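**Student:** My structure is below; once you've seen it, I'll send some questions.
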Amino acid sequence: MKNFRKKILVVMSASIMLTGCGQVVQNMPDVPVISGHVEVTDTETDILETDFSENKSPETDISEENVQTTISSKRGYIVSATRGVVTTDIRPATTTHKVTAHIAGGTTGAVNRDSGIQRGTTHVVLANPNINTEGMTTRTKSTTTTTAMTSTTDSTKSSNTSDNTTNTNTNITTTNNKNTTTTNTTSRTTKNITTTATTTSILKTTTTTTTTTTTTTTTTTTTTTTKKPDNPQDYIEQMTLKEKVCQMFIVKPEYITDISPTTYVDETTKENIENYPVGGIICFADNLVSVSQTQSMLEDIQEYAKDSNVVGLFTAIDEEGGTVARASQKLGTTAFSNMQYYGESNDAGQGYNIGYTIGSDLRSLGFNLDFAPVADVNINSNNELGNRIFSSDPSIVANMATSVAKGLQDAGVSATFKHFPGLGAEDGNTHEDSFVVIDRTVEQLRENEFVPFRTGINAGVDFVMVGHQIVTGFGDNLPSDLSYTAVTEYLRNELGFNGIAVTDSHAMNTITNVYSSGEASVMSIKAGVDIVLMPDDLPSAVDAVCEAVENGEISEERIDESVMRILNKKYELGLFN
């Protein structure tokens, strides 16, 4: 705190006055002439002074630019004069003080700031012990002289200073790597300063003692903030098990916003993301109202995610073109025909332009992941995909799907080949049926369904979506996304895919009618999947996977393997802070 030295001299009249000439003057004027002089010595503004007279109540602005102007005091030094009373109220403008008044009549009283003192007295209110009051002299206009007297005034000041109080308060807060460690140390020293003033005259001698308190507070704050990790390896080393597991889920925004349908996000979303820092969200038509609304929603949710968890979200959508095109149908982005139409020309350049255009549109909205293109081969005309498939020729599907994927990723949006190991031979519907069985041998898969996936993997597609179909040739009677044979032995090992394997939606009947969210999630991760899409019950799914790690059913190394794939891709997409 800055040190200020201030002096105030106040001159006024009263009914019985002492003059410097040694005469006692008696006069009781109805309107006393009051004059005064305020002098403030301030280390910031040098010596400033002003005068007042004629029964005024000026408020002196102690500033270098406007000493003489009667306006409200910014610093809080106020000198006011009223009938028979002079009050100097000296204080910081924003602080309330209990102050002590030195009354010329020989009494001492306590007043609050802006309070009046007894009528007909002369006093100085001291709210700061650094302010010294030097001699007070009073005078009136005199018409009658009664007698001649001599008077002397001696002012004796003594300061007795003692350290009375020392208080120390220390607060230490330590949290994990994402928060701040703060040490606050506050020391308080209180000193009592006693000032004694003796006034002697032939009338009487009055000794008044004024005690004020100076409090000096020293606060030391030490703040240690752990640097937020800015790369996948540093981040995964600081993550808890739950944080790692949550990264392995993509959910509908309603799961983390408590707003249905979600078209915006708020503080509740931020709290939910902190509790369940999921890897991403997938938007559907109900979430898209307008371009600006979609941009704002995705921007806000990314900001919440990065603030809470360092790394942002995969923001996903199904934008294939044709009948499955959420953004085109709701927001008016570029529309395309069904992919079967473009498959007939088998033009790789056209496929790339489709992918790049869709990718650019999605990127401008705030999406970074497209669950497209469809890489299935149209083998059974009764399959649920129909004209969403490029062709019944695996080489055409490979050419067109790979071209679309390359266009998407060149535009900054991750592409997804779906639905491994192939849905084109099915005769059912994984959305509605409890079981969808495809009777195919592994050799048949290699000759047909695997061809587009192998081509796309070799070209560097970011994601592969694994479907819920049971393939008889795998021999385990499990949905493919829950099958170690399908995911690890064939997708990973035989086809060499080292990108991100994501399940099809676990809200479909082929999962929810047979497995709980926890069971399906644990089985998918054991199979080799990196991300579970839309579990029916997110908390149960997360808890089940964490328990499986804690009891040894899944190793934490297996979790780390998937999480590193996820974080590496997010790093490439610029999703780290």
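Counting in this note's numbering, the sequence shown runs from 620 upward without gaps.
The C-beta atom is built at its ideal place from N, Cα and C for all residues, glycine as well.
It should be emphasised that the depicted structure is a prediction, and the values quoted were computed from it without experimental measurement.
Mapping the DSSP letters down to three states, classify Met1153 as helix, strand or coil.
**Tutor:** If DSSP states are grouped into helix, strand and coil, Met1153 belongs with coil.
**Student:** Identify every residue that forms a DSSP beta bridge with Leu868.
**Tutor:** Rather than Leu, the amino acid found at residue 868 in this sequence is Phe. DSSP output for Phe868 lists Val1151 as bridge partner(s).
**Student:** Compute the Euclidean distance between the alpha carbons of Ile977 and Glu922, then round it to the nearest angstrom.
**Tutor:** One C-alpha to the other measures close to 24 angstroms.
**Student:** With H, G and I counted as helix, E and B as strand and the rest as coil, what does DSSP make of Lys579?
**Tutor:** The displayed coordinates of the chain run from 620 to 1196. Any statement about residue 579 would go beyond what the structure contains.
**Student:** Does DSSP put Gly1094 in a helix, in a strand, or in coil?
**Tutor:** If DSSP states are grouped into helix, strand and coil, Gly1094 belongs with coil.
**Student:** Indicate whether the contact test is met: 3 or more Cβ pairs, each with one atom in the region 1145 to 1165 and one in the region 862 to 873, closer than 8 angstroms.
**Tutor:** Yes: the two stretches touch, three or more of their Cβ pairs being nearer than 8 angstroms.
**Student:** Name the DSSP beta bridge partners of Gly899, please?
**Tutor:** Per DSSP, Ile869 and Phe933.
**Student:** Looking at Asp1100 and Val1148, is the spacing between their C-beta atoms short of 7 angstroms?
**Tutor:** The answer is yes: Cβ separation under 7 angstroms.
**Student:** Thinking C-alpha only, which one of Asp1052, Ser1000 and Pro872 is nearest Pro880?
**Tutor:** Per the Cα distances, Pro872.
**Student:** Measure from the alpha carbon of Thr1129 to the alpha carbon of each residue in Asp1156, Asp1052 and Lys1189, then state which is nearest.
**Tutor:** Nearest of Asp1156, Asp1052 and Lys1189 to Thr1129, Cα basis: Asp1052.
**Student:** Using only alpha-carbon positions, find the residue among Leu860, Asp853, Thr859 and Leu1192 that is nearest to Leu1027.
**Tutor:** With distances taken between Cα atoms, Leu1027 lies closest to Leu1192.
**Student:** Just the Cα atoms here: how many angstroms apart are Ile936 and Ala991?
**Tutor:** Going from the Cα of Ile936 to the Cα of Ala991 covers about 9 angstroms.
**Student:** Helix, strand or coil for Thr784, going by three-state DSSP, please let me know.
**Tutor:** With a pLDDT of 40 at Thr784, under the threshold of 50, the predicted position of this residue should be treated as unreliable, though the coordinate-derived value follows. Three-state DSSP puts Thr784 in a strand.
**Student:** Tell whether a beta-carbon distance below 7 angstroms holds between Asn891 and Val996.
**Tutor:** No, Cβ-Cβ distance for Asn891 and Val996 is not below 7 angstroms.
**Student:** Any contact between the region 1003 to 1012 and the region 1046 to 1063? By contact I mean 3 or more CB pairs, one from each, below 8 angstroms.
**Tutor:** The region 1003 to 1012, when compared against the region 1046 to 1063, does touch it at the 8 angstroms Cβ threshold.
**Student:** Between Leu1064 and Pro1040, what straight-line distance do the alpha-carbon atoms span, to the nearest angstrom?
**Tutor:** Those two C-alpha atoms are separated by around 8 angstroms.
**Student:** Note down, in chain order, each residue of its chain lying with its Cβ closer than 6 angstroms to the Cβ of Lys889, except the 5 sequence neighbours on either side.
**Tutor:** Tyr923, listed in sequence order.
**Student:** Residues in the same chain with beta-carbon distance under 7 angstroms from Ser1102, minus the five sequence neighbours each way, listed in chain order, please.
**Tutor:** So the qualifying residues of the chain are Phe1093, Asp1095 and Ala1146.
**Student:** Is the beta carbon of Lys863 closer than 7 angstroms to that of Asn1196?
**Tutor:** Going by C-beta atoms, Asn1196 is not nearer than 7 angstroms to Lys863.
**Student:** Taking the CB atoms as reference points, tell me whether Phe933 and Leu988 lie closer together than 7 angstroms.
**Tutor:** Taking 7 angstroms as the Cβ cut-off, Phe933 and Leu988 qualify as a contacting pair.
**Student:** Please report the distance separating the alpha-carbon of Ala1030 from that of Asn1170.
**Tutor:** About 43 angstroms.
**Student:** Measuring CA to CA, which of Glu1176, Asp1156, Leu1186 and Glu1172 is closest to Tyr895?
**Tutor:** It is Asp1156.
**Student:** Could you name each continuous beta strand (DSSP E) segment of 3 residues or more that falls completely within the region 990 to 1061, going from the start of the chain to the end?
**Tutor:** Whole beta strand (DSSP E) segments, 3+ residues: 1035 to 1039.
**Student:** Tell me whether Phe1082 sits in a helix, a strand or coil according to DSSP, three-state version.
**Tutor:** Looking at Phe1082 - three-state DSSP - the assignment turns out to be strand.
**Student:** Leaving out five residues before and five after Val1141 in sequence, what residues of the same chain have Cβ atoms less than 8 angstroms from its Cβ?
**Tutor:** Counting only Cβ-Cβ distances below 8 angstroms, and skipping sequence neighbours, we find Ala1163, Val1164, Ala1167, Glu1172 and Ile1173.
**Student:** Might you give, ordered along the chain, the residues of its own chain that have their beta carbon closer than 6 angstroms to the beta carbon of Glu1176, omitting 5 neighbours on each side?
**Tutor:** Closer than 6 angstroms at the Cβ level, and outside the excluded window around Glu1176, lies no residue.
**Student:** Return the chain-ordered list of same chain residues with a C-beta closer than 7 angstroms to the C-beta of Ala946, the five sequence neighbours on each side being excluded.
**Tutor:** Same-chain partners within the cutoff: Leu907, Ile936, Glu938, Thr952, Asp980, Leu981 and Leu984.
**Student:** Alpha carbon to alpha carbon, how far is Asp612 from Met1019?
**Tutor:** Outside the shown range of the chain (620 to 1196) lies residue 612, about which nothing can therefore be said.
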